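>
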Amino acid sequence: MAEAQGPGRGANKANTNTKREGGGRNPGGRRRGGGKERGRGGGGGGGGGGDQQQQQQGKQQTKQGSSRKEGGEVRGDQAKTKGNQAKPVSGGGRRERNRNRQQQQQQQQQQQRGDGAGGRNQTQTQQQGGRGKGVGGQEQHQHQQQKGGGATGGQKKSGGRSRNRGPKQQQPPREDPNARAAARKERERREAEERERERLRLEREEAEREAKRRAEDAADRIRSHLASLKDARSRLEASADLSRRRAELRAANSDPARPTERELTKLDSSVKRNTTLNKKLRCVTEETKQSVLADVSRANQRKYVTEAAAAVGEVLFKQKDVSAVAEVCSAMHSKYDEFASALLPQLAKVARGEVGQEGLTLTRKRNALRLIVELLVVGVHTNAGPLERMVEEICEDVGEVSTAEEEEQQQEQQQEVDQRAQNALAMLATFAKHGREEVLGTPSPAPALGPEPEDGDYEEGAGAEGGCPTREEVAEARARLGEAGEAGEAAASGGGGGGSASWLPEDSRARLRDLVLRAYGVGVGRLASRCLLLRRMEQSNRRVLHVKGELTDTQRERVEQARKVFDSLQRSVASLADSLGEDLPPLPEEELTRVADGGSEGVVVARMAAGSGEDAEGGAFDDEETRAFYEDLPDIRAQLPDVLVASSSQAPAAPAKPGEGGQQQEEEGNLRQDQQLKLEDLLNLLRSCGNKEAADSCSLELCYLGLRSVRKRVTKELFSCPRQRLDLLPHFSRVCANLTRVHLDVGPSLVRQLEEEFAELSANTSLHKDESRVRNARFIGELTKFRVFPFSSTFACVRSLLDDFGQKAIETLCVLLETCGRFLYRTPETAVRMANVLEVLTKKRKTRNLDPRSESVLENAYFATKPPEKSVTVAELPPLHRYCEHLVFARLARGVDREVARQCRKLPLHDPECRDFLLQTLLSVTSVRVACIPLLASVVSQLSRYQDDLAVDYVDAVLEEVHSGLRRDDCTEHQRRVSYAILLGEVLNARLVDAPVVLQTLYIILLQTKAGEQNTQVPAEGGSKGEAKAGKGKARSVRGDRVSALFRARLVLVLLTTCGRTLQRRATAARLDYFLLRFQHFVLQLGGLP
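For the sequence shown, counting from 1, position 1063 maps to 1063 in the UniProt record's numbering; every step adds exactly one.
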């Protein structure tokens, strides 16, 4: 009986232990679970061993709980406990409950996944420990724990997890926000200190570079000044040496000690010796001078003096050897009396270029003239008469001053005249340069010195690399220069320079000086006329190029020839001015443009290039034609069918992805064969479109093929513009702008490709990519002007190039600025950003040490973007004249004509100047609206009551304008002639002229011939058949020029429309009827109206 009750008691005891342990783990949850298990355990205690199936199920659930969470294994001592007796846990459970309370207080918010696995394993382990006594109750307890749901099961898991995890896991400490903020502040402080140190270092380096640069500049100024002092001293010393040599030679030649015949016979007179000497005389140089002088002293040339003079007279020597030749000639003159008389005619022939000397060059002529002057200075010949005649002949070749109109009419003959004038001026420049003091008596100018260095330059230049001249060295060089100048003055005074010598009469000097100065004045006038002629030719070519787009070869060659002539003439005149010490006057500048109509006097107004902003003429563009090209785009959507417009109005297609190639091929395959052929034709047309109309037409045709593949093909074709055909870029950009207005994906796609290409080219700096960079920059600039390329993207490209600022970046930046810089500078929304870009560009130019080519292209790009501001020059009118213009142009309107006439009466019309200006203002029909033309006649009519002659002069001026317009027959004056026809009719309506005068003018307009002849025969009053016969022959001349005849018919209609009712009065009605018959006959002879 005791054995039978043992297991039951053991099972009850095990259940009690289980309840206690559960309560120790989690008192709040285990207590409820323990009560249920105790009841079930007591009921099953008499059952003995319990159900085996429940034991197996409990074991499987325990294994599943252990495998779900590795951290839920029980402790090693509990896992290995397999005894049948239950351990007393009363004291241990109390300690564990205290420990759990502490853990709950510290870890109230921490719950980890799989906490129930530990509790289940612990219960299973204790149940296995009491298996021999109460297995059934424990298995039922385990099964109930595994099935337990809701809050109870969750609390068991939490309680078992918190107890059986072993050592307590430390939670990482939370970061203190204050400590984190303090660390961030410390880090920012260190970074700020590092930046400040870097800034100070850069400033220090910049200050050192600036000091070094200032030192180098100061040293360069001092070196330049010292070099100029040394150069001036060397020139003064050379001039003093030349003056001394000339004085010595002149003294020797004034009274030469020639050898006697007996002394000459002792010298070598062989043919071989004389032939060799003559060969040497042909090309005397400074190096061979002593040798030639030695041969002259040893040879007897009494029989060969003429041959020796001819050898020298060939003038084969160079200009630098003239002094040596003069010294040899002086030696020959001192030995042979007839040498000078034989030499001078030879030199005169060469200098004049006489018959037989046509092949002479200008250099030989100038050398011959200089040798003649040198021989006169050294005293080989003393007669200045031949020199005066020679200079006079040269001055005659300069010619007389002719106007630009005469030169334009006789351009072919003027070329030869200009060539002679250039040669003559060049020879006169040589004569004035080398005979300035001795022959012309004009003192030489003081040698030009470099800028004087400042006192502080010596201290700054001391730290320059390579050293710097000291103040003492500069003072010593200046003292030596003064000594050289005094020596030169002494030599010139002693040698007869400066006009103090008696070897050349003063009247000869005055005549020579007057001849040269007169020729110089003629040369200056000829230069001015050639300048005006060249500018007129260039302006004419610009007009032709603007209208026709190209120049003929003849026009281009004429301009090039005129430019060459002008350049040569300018060099010759400038050289003569420098030789005479004169300042070359400035060339005439056509700053004023006469804004006048026809033959009447106009107001002189100059319209210069505007500055920045919208005030510039044409807004953001230079002229109206350019503005129309970039802004006036055709409305292609209105010309397309509604189906194509609806399909194109959808959202733009997304960028192509790698998997969309098949779709594109499918769409291209959907094109019919005729559409593919048409697409190829349109692409060929796109490659050759060179004007605005072709671009618009091609855009419209491409829009009819509205498939997406077609648009991609067109975008690819636009992007693939050849880099050698930059002239196509504006038209390609216009096509892109037109297509973008219909298909929204064309422009962004092309922009994206250009941006990618720009990034590639910016990274690649190879030489063979230069043309691609230029094409890319030009394309971006053209699309920017069409507003297809976003302004922000354009400025991003500019900023990238400014940051790089290398050689390639500078070239690309200049191309971009030259293409769209002025547009961005004049556009209001981008003007400020473009001004900032130019400011940054200027700073970088100053701080970088760029090569001359980069400096030049940057300067050109800067002024292409922001042209230099020029003031608008307007002819200033007197206040009285401005008031006249205000009355006529501003105040004159309907109902105010009487007031305007009253104010005009108050003007001093007795003054001829004021009266003429008022008449001129009242005749300016092109400056007022058409509705105000009758008011002009009304004002004159009211003034005629008090000024009879004013009305007469006004009518005469109107008739003269009508007749002169008929004589000129200029198509550019059609609007002007129509306005004067209206004014003539209004003058008749105002009763300022008689009706017969207007009828006579009608016949003159109608019967004007092409050659300008007029039929002034007017039918007599009353009309007859003879009147029609009188004008019958003249009517046949109408068949000449159809365009002129049609316009004359228009003038007649305008005049009849204006004053027809006045001519229908009784006195002139019959004559008007006859004229209308003649007019109908005239119109019928034209063969139909357009």
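Every residue, glycine too, gets a C-beta built ideally from N, C-alpha and C. Note that the coordinates shown come from a computational prediction; the quantities given were computed from them, not determined experimentally.
Fully enclosed by the region 794-850, which alpha helix (DSSP H) runs are 4 residues long or longer?
Counting whole runs of 4 or more residues, the region 794-850 contains the alpha helix (DSSP H) stretches 807-826, 831-847.
> Compare the beta carbon distance of residue 734 and residue 637 with 8 Å and say whether it is the shorter of the two.
Their beta carbons are not under 8 Å apart, which means residue 734 does not touch residue 637 by this criterion.
> State the Cα-Cα distance for the pair residue 991 and residue 1044, rounded to the nearest angstrom.
Each residue's alpha carbon lies about 30 Å from the other.
> Taking the beta carbon of residue 320 as the centre, do at least 16 other beta carbons fall within 10 Å, making it buried, or is it exposed?
Residue 320 is exposed by the Cβ-count criterion.
> Which residues bound the alpha helix (DSSP H) around residue 748?
Unbroken alpha helix (DSSP H) run through residue 748: 746-763.
> Residues in the same chain with beta-carbon distance under 8 Å from residue 901, minus the five sequence neighbours each way, listed in chain order, please.
For residue 901, where only same-chain residues beyond five positions count, the Cβ hits under 8 Å are 938, 939, 942, 943.
> Let me know the beta strand (DSSP E) ranges lying completely inside the region 963-1018, each 3 residues or longer, listed in chain order.
Within the region 963-1018, no complete beta strand (DSSP E) run reaches 3 residues.
> To the nearest angstrom, report how far apart residue 746 and residue 704 are at their CA atoms.
If I take the Cα positions, the gap works out to 15 Å.
> Is it true that the CB of residue 222 sits closer than 8 Å to the CB of residue 455?
Result no, Cβ atoms of residue 455 and residue 222 do not sit closer than 8 Å.
> Tell me the DSSP bridge mates of residue 1091?
Given that the chain is displayed from residue 1 to residue 1090, the structure contains no residue 1091 and the question cannot be resolved.
> By DSSP, does residue 485 sit in helix, in strand, or in coil?
Note: residue 485 maps to helix in three-state DSSP.
> Leaving aside the five residues before and after residue 43 along the sequence, list all residues of the same chain whose C-beta is less than 7 Å from its C-beta, in chain order.
With a pLDDT of only 39 at residue 43, under the threshold of 50, the placement of this residue in the model should not be trusted; the figure read from the coordinates follows. Answer for residue 43: no residue qualifies.
> In whole angstroms, what separates the C-alpha of residue 818 from that of residue 863?
Cα to Cα, residue 818 sits roughly 9 Å from residue 863.
> Apart from the five residues just before and just after residue 775, which ones in its own chain have a Cβ nearer than 6 Å to its Cβ?
These residues qualify, in order along the chain: 723.
> Residue 632 lies in the alpha helix (DSSP H); which residues open and close that run?
Here residue 632 belongs to no alpha helix (DSSP H), and DSSP marks it neither H nor E.
> Buried or exposed, going by whether 16 or more other CB atoms sit within 10 Å of the CB of residue 236?
Per the 10 Å Cβ criterion, buried.
> Among 974, 850, 768, which residue has its Cα nearest to the Cα of residue 805?
Measuring from the Cα of residue 805, the nearest candidate turns out to be 850.
> Can you tell me the Cβ-Cβ gap for residue 620 and residue 827, rounded? I've got them flagged as a contact below 8 Å.
Contact holds; Cβ gap of about 5 Å.
> So, are the CB atoms of residue 390 and residue 342 less than 8 Å apart?
In this structure, residue 342 does not lie closer than 8 Å to residue 390 by Cβ.
> Using only the alpha-carbon positions, how far apart do residue 273 and residue 263 sit?
Distance between the alpha carbons of residue 273 and residue 263: 17 Å.
> Are there 16 or more other CB atoms within 10 angstroms of the CB of residue 882, so buried, or fewer, so exposed?
Burial call: exposed.
> Does DSSP put residue 1047 in a helix, a strand or coil?
Reduced to three states, the DSSP call for residue 1047 is helix.
> With H, G and I counted as helix, E and B as strand and the rest as coil, what does DSSP make of residue 244?
Here residue 244 sits in helix by DSSP.
> Would you kindly report the start and end of the unbroken alpha helix (DSSP H) that includes residue 945?
That residue, residue 945, is in no alpha helix (DSSP H); it is neither H nor E in DSSP.
> Please classify residue 786 as buried or exposed, where buried requires at least 16 neighbouring CB atoms within 10 angstroms.
With 16 or more Cβ atoms within 10 Å of its Cβ, residue 786 is classed as buried.
> Answer with buried or exposed for residue 371, where buried requires no fewer than 16 other C-beta atoms within 10 angstroms of its C-beta.
Classification for residue 371: buried.
> Just reading off the alpha helix (DSSP H) that residue 1078 is part of, what are its end residues?
Per DSSP, residue 1078 belongs to the alpha helix (DSSP H) from 1069-1085.
> In this structure, does DSSP put residue 696 in helix, strand or coil?
Three-state DSSP puts residue 696 in a helix.
> Compute the distance between the beta-carbons of residue 718 and residue 750, then report whether it is under 8 Å.
Yes. Within cutoff.
> Please work out which residues of its chain come closer than 6 Å, Cβ to Cβ, to residue 845, disregarding the five sequence neighbours upstream and downstream, and give them in chain order.
858, listed in sequence order.
> Which of helix, strand or coil does DSSP assign to residue 786?
Here residue 786 sits in coil by DSSP.
> Can you grab the Cα-Cα spacing for the pair residue 388 / residue 511, in whole Å?
Approximately 8 Å between the Cα atoms of the pair.
> Kindly indicate which three-state DSSP category residue 333 falls into: helix, strand or coil?
Reduced to three states, the DSSP call for residue 333 is helix.
> Could you tell me the distance, in whole angstroms, from the CA atom of residue 912 to the CA atom of residue 918?
Between residue 912 and residue 918, the C-alpha separation is close to 10 Å.
> Relative to the C-alpha of residue 336, which residue among 1083, 305, 323, 361 is closest?
When only C-alpha atoms are compared, the closest one is 305.
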